[in-house]
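Asker: The structure follows.
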């Protein structure tokens, strides 16, 4: 078995979210150093505020300011902060019930060590120096032994309220394609195309994924396919993708490699886009240092007869 | 409810820290073949197929469509997928069989946690406005719940350690388990939770076959009849919940009929030792109930399959005659936010 391939894979996306009236007021408030809750019909104050009562599902719009001081209701000591967490030094995760609120807010507490943290301890908000209207405008909480800070009575009306936030997300993976695709990619490195034959229906799959999708059994017998093949169907791409340095229009095609029972897809080059046709015989074009064919070009052979590839459409 | 549905077969992979040599379908296929082999059924004989998985684990879009290659979807099959633990796929399959649209169902699920960091991946299921931007990882949130339990006097660190030790001792008899035997009293991961209180991170897959009425009796000597299944969810904001209790698990159990008669076995999906404390109380499980004889999620926690494995383990115990009435539980979300309970029974002996 060839070495299993591995490569870093980063999935990153700037989630752009719109805010309703309540979330807008809360996050705009943080930007202005004001903490807002929302009052329920039975008189409780929820912080952070929500638009609908979690118990009755009533619509909630009655914003009310609460204090930046509060009480820890539970905590957990995080001695090894992870990427993108609020503090880079060891800290406590805390749920804090702010003075004037009936529910607790999750955040970080900056404290010298776990012995300095307990349920029931008093804390206050430490504001971030630069605030944009996000939960991270609260840099963290810090221990506080002074009197409760009276809230200012803000109504939640702001001159320039936020209407949306961008919440970036990034996850890091190590991608491994598994046995069958590792073998395929390793062969491509030698400019060969290797498929796998199903032991039941005898079809050859390129690229192989380790299973016959028709029979549901493992494929293992390696079979070399191509390098030449036949265009079974194609489309003409007229819209240029972002960051793509291929001129439009170009042709994207399904290509049945000789000896394969499943068509793979690739770009067709070396021929004007409007002369590509079903049955066109093509071969791969490799560029130095790249592990897969850049595109396929005509071989100059006569076109394949329809009957030879109609089962592969 | 007139139709009786049973779990008639169960199979699972050996759960391991990494299966990098296998793609998802390569991991899953042996499990599918094994569960079909136990009943003699072929894919073409199955009335309904439902799977559970999550693209976020491996970082690949629509990964379940490739996994379907392992089923063999020809001639065309009736298929569905939930982006959830396979226990919820089982719920969908159970309702499908109840309607009479199918007599048999294949339910499978898989999770490859090894490509990414599951602690961080699970933050993406949190409230995206107020919580996810802080990146509180799954262990941190469970640790908040554990501290709340300690403050309430419901447990202490020694009792939590005992849960982990008992789970891994039981797992020694489970050839599929990933982590067995004693662990040193090790350092905190996020205080108050230590390594032994947290699930191992690993890859795995599981599958069950459901069948209705006489079909179940043909396929299995002692079917595990599903007397009820229910699932409930709580508010997503941790700060509005009482973390020492699980009212959703209790309500699901009540609606599934768990409290009508005592159970002798409970397979609980409690990835953290502290969550077993919460569930034992919410589900009213006394000391006479055998909890997690398989070792539970503290011995193997392939995310998205671990809940279905609880149903499978409970059913297999009935198949073997080691249980007459068992409760199976699955969870999803932070701090037991979502809970599913199934009640399984064997025919009287």
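Residue numbers (my numbering), protein chains in the order written: chain A, 1076 to 1388; chain B, 9 to 357.
Glycine included, each C-beta is placed from N, C-alpha and C at the ideal position.
In chain A, which residues lie less than 7 Å from residue 3/B when you measure between Cβ atoms?
Answerer: Lying before the first or after the last residue shown, residue 3/B is absent from chain B, which here runs from 9 to 357.
Asker: Go ahead and pull the three-state DSSP assignment for residue 63/B.
Answerer: Within the second chain, the letter at position 55 stands for residue 63/B. Under the three-state reduction of DSSP output, residue 63/B falls in the helix class.
Asker: Let's test the definition: count the other Cβ atoms within 10 Å of the Cβ of residue 1093/A and tell me whether it reaches 16, buried, or not, exposed.
Answerer: Taking the first chain and counting its residues from 1, the one referred to as residue 1093/A is at position 18. Burial call: exposed.
Asker: How close, in whole Å, do the beta carbons of residue 350/B and residue 271/B come, if the pair is a contact with beta carbons under 8 Å?
Answerer: In the second chain, the residue the question calls residue 350/B occupies position 342. In the second chain, the residue the question calls residue 271/B occupies position 263. Going by Cβ atoms, the distance from residue 350/B to residue 271/B rounds to 11 Å, so no, they are not a contact pair.
Asker: Measuring alpha carbon to alpha carbon, tell me which of 1356/A, 1360/A and 1388/A ends up nearest residue 1376/A.
Answerer: Working through the first chain from its first residue, we reach residue 1376/A at position 301. Looking at the Cα atoms, 1356/A is the closest of the given residues.
Asker: Let's see if you can read the secondary structure: which residues bound the alpha helix (DSSP H) around residue 99/B?
Answerer: On the second chain, position 91 is the one that residue 99/B refers to. Run containing residue 99/B: 94-106, per the alpha helix (DSSP H) assignment.
Asker: Use the C-beta contact count for residue 1088/A: other C-beta atoms within 10 angstroms, 16 or more gives buried, fewer gives exposed.
Answerer: One-based indexing of the first chain puts residue 1088/A at position 13. It is exposed - the Cβ of residue 1088/A has fewer than 16 other Cβ atoms within 10 Å.
Asker: Closer than 6 Å by C-beta to residue 1310/A: which residues in its own chain qualify, once you throw out the five before and the five after it? Chain order, please.
Answerer: Translated into positions along the first chain, residue 1310/A becomes position 235. Here the set comprises 1327.
Asker: Measuring only the C-alpha atoms, how far is residue 1156/A from residue 1293/A?
Answerer: Locating residue 1156/A in the first chain gives position 81, counting from the first residue. Locating residue 1293/A in the first chain gives position 218, counting from the first residue. Spanning the two alpha carbons is a distance of roughly 43 Å.
Asker: Is residue 321/B buried or exposed, if buried means 16 or more other CB atoms sit within 10 Å of its CB?
Answerer: For this step, residue 321/B is matched to residue 313 along the second chain. It is buried - the Cβ of residue 321/B has at least 16 other Cβ atoms within 10 Å.
Asker: Have a look at 1100/A, 1197/A, 1121/A and 1161/A and flag the residue whose alpha-carbon is nearest the alpha-carbon of residue 1148/A.
Answerer: As a first step, residue 1148/A must be located in the first chain, where it is residue number 73. Selected option, being the one with the closest Cα: 1197/A.
Asker: For the pair the segment 157-171 of chain B and the segment 99-113 of chain B, tell me if three or more CB-CB distances fall below 8 Å.
Answerer: no
Asker: On a CA-only basis, which of 1190/A, 1192/A, 1151/A and 1145/A is nearest residue 1171/A? Give me that one, please.
Answerer: Walking along the first chain from the start, residue 1171/A turns up at place 96. Ranked by how close their Cα comes to the Cα of residue 1171/A, the residues 1190/A, 1192/A, 1151/A and 1145/A have 1145/A in first place.
Asker: Classify residue 10/B: buried if its beta carbon has 16 or more other beta carbons within 10 angstroms, exposed otherwise.
Answerer: Here residue 10/B refers to the residue found at position 2 when the second chain is read from its first residue. So residue 10/B counts as exposed.
Asker: Classify residue 1367/A: buried if its beta carbon has 16 or more other beta carbons within 10 angstroms, exposed otherwise.
Answerer: Your numbering for residue 1367/A matches position 292 in the first chain. Under this definition residue 1367/A is an exposed residue.
Asker: Looking at the secondary structure, which residues open and close the alpha helix (DSSP H) in which residue 1254/A lies?
Answerer: Here the question's residue 1254/A lines up with position 179 in the first chain. Residues 1253-1264.
Asker: Should residue 213/B be flagged as near chain A, meaning a C-beta pair shorter than 7 Å?
Answerer: Numbered from its first residue, the second chain carries residue 213/B at position 205. Under the Cβ criterion of 7 Å, residue 213/B is not counted among the residues facing chain A.
Asker: Is there at least one Cβ from chain B nearer than 7 Å to residue 1152/A's Cβ?
Answerer: Position 77 of the first chain holds residue 1152/A. Yes, contact with chain B.
Asker: Could you give the DSSP three-state label for residue 1348/A: helix, strand or coil?
Answerer: On the first chain, position 273 is the one that residue 1348/A refers to. Looking at residue 1348/A - three-state DSSP - the assignment turns out to be helix.
Asker: Express the C-alpha separation of residue 1247/A and residue 1084/A in angstroms, rounding to a whole number.
Answerer: As a first step, residue 1084/A must be located in the first chain, where it is residue number 9. As a first step, residue 1247/A must be located in the first chain, where it is residue number 172. If I take the Cα positions, the gap works out to 6 Å.
Asker: What residue range does the alpha helix (DSSP H) around residue 1104/A cover?
Answerer: For the purposes of this step, residue 1104/A is taken as the residue at position 29 of the first chain. First-last of the alpha helix (DSSP H) with residue 1104/A: 1096-1106.
Asker: Could you check the C-alpha separation between residue 1379/A and residue 1338/A for me, to the nearest Å?
Answerer: To locate residue 1379/A, count along the first chain from 1; it is residue 304. To locate residue 1338/A, count along the first chain from 1; it is residue 263. Each residue's Cα considered, the two are about 15 Å apart.
Asker: Against chain B, which members of the segment 1286-1316 of chain A pass a CB distance test of less than 8 Å?
Answerer: 1286, 1287, 1288, 1289, 1290, 1291, 1292 and 1293
Asker: Would residue 55/B count as contacting chain A if we go by Cβ distances under 7 Å?
Answerer: Numbered from 1 along the second chain, position 47 holds the residue referred to as residue 55/B. Not an interface residue.
Asker: For the beta strand (DSSP E) containing residue 1181/A, name the first residue and the last one.
Answerer: By 1-based counting over the first chain, the position of residue 1181/A is 106. Segment 1180-1184, the beta strand (DSSP E) holding residue 1181/A.
Asker: When the Cα atoms are used, what is the spatial distance from residue 137/B to residue 1209/A?
Answerer: What you label residue 137/B is simply residue 129 of the second chain in a count that begins at 1. What you label residue 1209/A is simply residue 134 of the first chain in a count that begins at 1. Those two C-alpha atoms are separated by around 8 Å.
Asker: Count the other CB atoms within 10 Å of the CB of residue 1120/A; is the residue buried (16 or more) or exposed (fewer)?
Answerer: Locating residue 1120/A in the first chain gives position 45, counting from the first residue. When all chains shown are included, residue 1120/A counts as buried.
Asker: What do you reckon, are the CB atoms on residue 119/B and residue 311/B nearer than 7 Å?
Answerer: Numbered from its first residue, the second chain carries residue 119/B at position 111. Numbered from its first residue, the second chain carries residue 311/B at position 303. Contact: yes.
Asker: What distance in whole Å lies between the Cβ atoms of residue 14/B and residue 206/B, which are believed to be in contact at a cut-off of 8 Å?
Answerer: As a position in the second chain, residue 206/B is number 198, starting the count at 1. As a position in the second chain, residue 14/B is number 6, starting the count at 1. About 34 Å separates the two Cβ atoms, so there is no contact after all.
Asker: For residue 10/B, write down the residues that DSSP places opposite it in a beta bridge.
Answerer: Mapped onto the second chain, residue 10/B falls at position 2. Partner(s): none; residue 10/B has no beta bridge.
Asker: Please identify the residue among 28/B, 93/B, 188/B and 25/B whose C-alpha is closest to the C-alpha of residue 239/B.
Answerer: Translated into the one-based positions of the second chain, residue 239/B becomes position 231. Distances from the alpha-carbon of residue 239/B to those of 28/B, 93/B, 188/B and 25/B put 93/B closest.
Asker: So, using beta-carbon positions, are residue 284/B and residue 290/B closer together than 7 Å?
Answerer: For this step, residue 284/B is matched to residue 276 along the second chain. For this step, residue 290/B is matched to residue 282 along the second chain. Not closer than 7 Å, so no.
Asker: Which ranges does the beta strand (DSSP E) cover as unbroken runs of at least 3 residues, wholly within the segment 1153-1177 of chain A, from first to last along the chain?
Answerer: Every unbroken stretch of the beta strand (DSSP E) spanning 3 or more residues and falling wholly within the segment 1153-1177 of chain A is given here in chain order: 1166-1173.
Asker: Could you list which residues in chain C have their beta carbon closer than 9 Å to that of residue 1253/A, in chain order?
Answerer: The question asks about chain C, but that chain is absent: this structure's protein chains are A and B.
Asker: How close, in whole Å, do the beta carbons of residue 233/B and residue 330/B come, if the pair is a contact with beta carbons under 8 Å?
Answerer: Numbered from its first residue, the second chain carries residue 233/B at position 225. Numbered from its first residue, the second chain carries residue 330/B at position 322. With a Cβ gap of about 16 Å, residue 233/B and residue 330/B do not count as contacting.
Asker: Identify which residue in 293/B, 213/B and 243/B has its Cα closest to the Cα of residue 308/B.
Answerer: As a position in the second chain, residue 308/B is number 300, starting the count at 1. Among 293/B, 213/B and 243/B, the Cα nearest to that of residue 308/B belongs to 213/B.
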